[in-house]
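In our numbering, the protein residues as written are 15 to 208.
Inspection log for the structure reproduced underneath, given as structure tokens.
Here it is as structure tokens:
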């Protein structure tokens with residue numbers, strides 16, 4: 015089983031070797047939010063995401079829907095969503111350049127008082143390796159969360175729970191591949207362990 019270096023500030027202390035089941039070179043993180051709505055996900059066993067190409071959002075006071083496109087390791091395009099409802103007052107499409115990838119996501123989870131929903135995704139923000147910030151989209155009420163991916167890793171996909179709104183969101187991260195799996199911690203090549 016491959017071993018991948020995953021260095022995510024705020025979620026894990028430092029870098030560590032993460033064992034990934036099967037042949038999928040992605041790590042699934044989350045979801046954050048509530049258990050409302052239906053589960054929506056991509057099949058990473060068939061076509062693991064390699065790179066995000068675009069992200070489409072409908073939003074108003076909260077995130078109403080999410081869709082995205084990605085390529086697999088062979089460069090084949092795949093589409094996911096839209097997941098969620100058709101509400102919201104704004105619609106945005108983020109198209110990433112050929113050498114651009116998402117290195118950080120910020121989001122908030124909080125109540126949508128107008129609809130008496132205890133917890134849903136109230137905002138999303140994406141930051142790329144080129145320093146471009148997209149968003150925040152939504153009003154941002156609630157608890158703030160952040161997923162910065164370091165060491166050449168990237169956010170390559172998402173999954174969620176949704177109905178008329180996004181109730182919860184999680185992310186697929188493609189970490190930097192380091193070495194084949196062993197029982198010892200990951201280490202840079204040529205460096206001995208104590």
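Glycine residues also receive a C-beta, built at the ideal position from the N, C-alpha and C atoms.
None of these values were measured; they are calculated from a predicted model.
Separation of residue j from residue i, as counted between CA atoms
i	j	result
residue 45	residue 181	10 angstroms
residue 73	residue 163	25 angstroms
residue 35	residue 76	Note on residue 35: pLDDT 48, under 50, position unreliable in the model; the coordinate value appears next. Each residue's alpha carbon lies about 34 angstroms from the other.
residue 81	residue 139	14 angstroms
residue 161	residue 119	5 angstroms
Residue i classed as buried or exposed, judged by whether at least 16 other C-beta atoms fall within 10 angstroms
i	result
residue 130	exposed
residue 62	buried
residue 189	buried
residue 67	buried
Member of the options whose CA lies at the smallest distance from the CA of residue i
i	options	result
residue 116	141, 165 and 188	141
residue 79	89, 105 and 66	105
residue 153	39, 125 and 89	125
residue 52	98, 145 and 107	98
Expected contact under 8 angstroms - CB spacing of residue i and residue j to nearest Å
i	j	result
residue 95	residue 177	Not really, about 13 angstroms apart at Cβ, beyond 8 angstroms.
residue 92	residue 174	Not really, about 16 angstroms apart at Cβ, beyond 8 angstroms.
residue 69	residue 121	No, residue 69 and residue 121 are not in contact; Cβ-Cβ is about 12 angstroms, not under 8 angstroms.
residue 170	residue 40	6 angstroms
Return the chain-ordered ranges of every beta strand (DSSP E) run that is complete within the stretch 45-126 and spans a minimum of 3 residues. 52-54, 65-73, 77-85, 91-98, 104-109 and 116-126
Ordered list of beta strand (DSSP E) runs contained in the stretch 125-201, each at least 3 residues: 131-142, 147-152, 157-162, 168-176, 180-188 and 190-194
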